[in-house]
Structures are given as structure tokens and as C-alpha cells.
Amino acid sequence: MRKLNWNQFGIMNMNYLFYTLDYFLDAARDMGMKNINLWTANPHVHLEDSTDGEFRQLGEKIRSRGLRCFCVCPEQVVYPFNIAAEDQLIRSRSIASMKRAAELCRILESPLLHLCPGWGFYDKPDGLETAWELAREAIIEIAAFAAEQGVTLALEPLQIVESNLVGDIPSAKRMLEEVGLPNVKLLVDTCHMAVKGERLDDYFDAFGKDIVHIHLNESGQVPWGYGDLPLREYIAQLEKHDFDGTITLEVCSRKHYIDPNHSVGRGIETVKAALQ
Numbered sequence: 012m013r014k015l016n017w018n019q020f021g022i023m024n025m026n027y028l029f030y031t032l033d034y035f036l037d038a039a040r041d042m043g044m045k046n047i048n049l050w051t052a053n054p055h056v057h058l059e060d061s062t063d064g065e066f067r068q069l070g071e072k073i074r075s076r077g078l079r080c081f082c083v084c085p086e087q088v089v090y091p092f093n094i095a096a097e098d099q100l101i102r103s104r105s106i107a108s109m110k111r112a113a114e115l116c117r118i119l120e121s122p123l124l125h126l127c128p129g130w131g132f133y134d135k136p137d138g139l140e141t142a143w144e145l146a147r148e149a150i151i152e153i154a155a156f157a158a159e160q161g162v163t164l165a166l167e168p169l170q171i172v173e174s175n176l177v178g179d180i181p182s183a184k185r186m187l188e189e190v191g192l193p194n195v196k197l198l199v200d201t202c203h204m205a206v207k208g209e210r211l212d213d214y215f216d217a218f219g220k221d222i223v224h225i226h227l228n229e230s231g232q233v234p235w236g237y238g239d240l241p242l243r244e245y246i247a248q249l250e251k252h253d254f255d256g257t258i259t260l261e262v263c264s265r266k267h268y269i270d271p272n273h274s275v276g277r278g279i280e281t282v283k284a285a286l287q
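Under my numbering, the first residue of the sequence shown is numbered 12, with each subsequent residue one higher.
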């Protein structure tokens, strides 16, 4: 059994939306973090409009604080991004955005690019298979480009409020098998997983080493210590399966965007205590 190491953990800037990126990077350093998961949306990162030179400057900002970007997380769940969109303009722009994110990964030396499956119209159940095919072909296209950058895609099964395509073990397994590319792996979010009534043990039984990243998240995606999910059980299951990938403590609850240092700090303290 492999004990988790704190160097596997990182935090994300999503709940620092109302603060500057420099503020987040300083906070990550001051909290003793070594890794970040970089959410690339305004106002922090202008993904589509930034030059390679500006990306290199971003990398210097990160490294100058003793931090490493271990995953890039482009905004892709909300409007206007959807790799499974019927509208060709939306879909092509979404794919282009993910490819640009793969280039950012290369420049930042981030090994992982977080990818979401997109969604089909909920009022068109007969069109769900078409949406699935659009998502699959988009993933294949993005993955081929990412491979040229030396980047692995980490596909995340989502809740029904975010996607009706990949949301549980069976659908994730089907998508990975149909895509069939060595640089398309899995990201498991414990909050989404719990909503579906699934367990980390179930995911490791199904995917094994194809799980490369974990969002170790509390219920409602609040910071640890504010919800009711079994943190110690999750840690025990990760250690039982000798998980040696990376782990993000993600906070998506809007009320925790106001004082993010307090919220993230409490989450870090709770997780560190559970690791003892």
C-alpha cells in the first residue's frame, strides 16, 4: 500500500475568480503548496488571445514562486464551450480552445489537460447518440494534437447538471474504449462520483492505472470540513490502490469565492489532518 504524499496535491484558482492571478499564486506559495491546477478563464488567463510569449511569462510567474502547474483546466462546462455541440461554429471553436490549452500545457510543462465531454440537447433524447459521436470525434482530434505537445488528456465524468454524455463508470469506460488512444486517461471527481452512488474502489476496479488525476472534493464542491463526504475513506481507498497520480483540492461553491484563502486554508488543514 502506497501512502499519499503531500507533493501529489495542488489547489486551483477557480474560486479566486474575484482576485488577481498574482494573489492566488502568492496564496498558494504562502500556504506551502508545491502544485497548482490552472483554471484558464478570464480574468486570470486569456487562453484564446494570449501569445506564446505571454504564456511563457505566465510560466515564469508560476515557477518564481516555487510552484508547478500539474494540470491545465480550461473553462469548458458553461457557455460558450461544448465539444459535442450540434452547432459547428460552437464545436469548432471549443475544439480550437482545447488545442490552444494543450499548447499552454507544453509551454508550462504541465503533463495533464483536463477535458470535459460536452453535452447534447436534453430535449432531444433521440439525438443523444449523435452528440456522443461528436464528443468522441472531438476527443480523438484534441488528443491527437495533445500528443504532439507531449500532453495527456484527463477526461472527467460529470454530473447530469453538466453533461448527459459521460457521467458514470459505464459511460466513461465506453468513451475511453471507443477513443482508444494512449494519451486519453481518466479524472475522477469524488463529489460527482458520490452523487452517482459510486466509489473510488469501483473506479479503480474498472480503470486501474488509467486514472491519472483526482479531484478530491467535498459534497457540493465546498472546501473539506464544510460537507459530509468520507474523506478518510477516500484517502484509504487511494492508498489501497497505490495511487501515484496528482490530486486537486477543488472549490466550486460560489459563497467560498469571497474569502478564498480562508476556505482553501481550512480545506488544506482538514486534508492534512486526515492524512496523518
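By construction, the Cβ of each residue, glycine as well, lies at the ideal position given by its N, Cα and C atoms.
State the Cα-Cα distance for the pair residue i and residue j, rounded to the nearest angstrom.
| i | j | result |
| --- | --- | --- |
| Asp-239 | Ala-285 | 14 Å |
| Ala-217 | Trp-17 | 26 Å |
| Ala-113 | Leu-176 | 23 Å |
| Cys-116 | Pro-168 | 21 Å |
| Tyr-27 | Ser-264 | 11 Å |
| Leu-211 | Leu-249 | 7 Å |
| Pro-234 | Leu-227 | 10 Å |
| Met-42 | Asp-200 | 23 Å |
| Arg-185 | Phe-20 | 29 Å |
| Glu-188 | Glu-173 | 22 Å |
| Glu-229 | His-267 | 13 Å |
| Ile-151 | Ile-222 | 18 Å |
| Lys-135 | Thr-141 | 10 Å |
| Pro-181 | Pro-241 | 23 Å |
| Glu-280 | Met-204 | 23 Å |
Which partner residues does residue i have in the DSSP bridge list?
| i | result |
| --- | --- |
| His-252 | Answer by DSSP bridge pairing: none, since His-252 is not bridged. |
| Asn-48 | Met-23, Cys-82 |
| Val-195 | Leu-164 |
| Asp-200 | His-226 |
Could you work out which residue in the options is closest to residue i when comparing CA atoms only?
| i | options | result |
| --- | --- | --- |
| Pro-193 | Val-206, Ala-183, Thr-163 | Thr-163 |
| Asp-98 | Ser-75, Glu-120, Trp-130, Gly-70 | Trp-130 |
| Pro-54 | Glu-280, Met-25, Ala-39 | Met-25 |
| Cys-80 | Val-282, Ile-118, Val-275, Asp-221 | Ile-118 |
| Ile-47 | Lys-266, Ile-180, Val-262, Lys-110 | Val-262 |
| Gly-231 | Cys-202, Val-56, Pro-136 | Cys-202 |
| Lys-110 | Arg-67, Gln-170, Arg-76, Ala-157 | Ala-157 |
| Ala-149 | Val-190, Leu-139, Tyr-133, Asp-137 | Val-190 |
| Ala-52 | Lys-45, Ser-61, Met-44 | Ser-61 |
For the structure I just gave you, are there three or more beta carbon pairs, one from the segment 69-84 and one from the segment 137-153, closer than 8 Å? no
As an exercise, report each continuous beta strand (DSSP E) stretch of at least 3 residues that is fully enclosed by the segment 204-281, in chain order. 222-226, 257-260
For the segment 92-135, which segments carrying the alpha helix (DSSP H) assignment without a break, of at least 4 residues, lie completely within its bounds, in sequence order? 99-119
May I ask you to verify whether the segment 121-137 touches the segment 90-107, counting CB pairs closer than 8 Å and requiring at least 3? Using a C-beta cut-off of 8 Å, the segment 121-137 makes contact with the segment 90-107, since at least three inter-stretch Cβ pairs fall below that distance.
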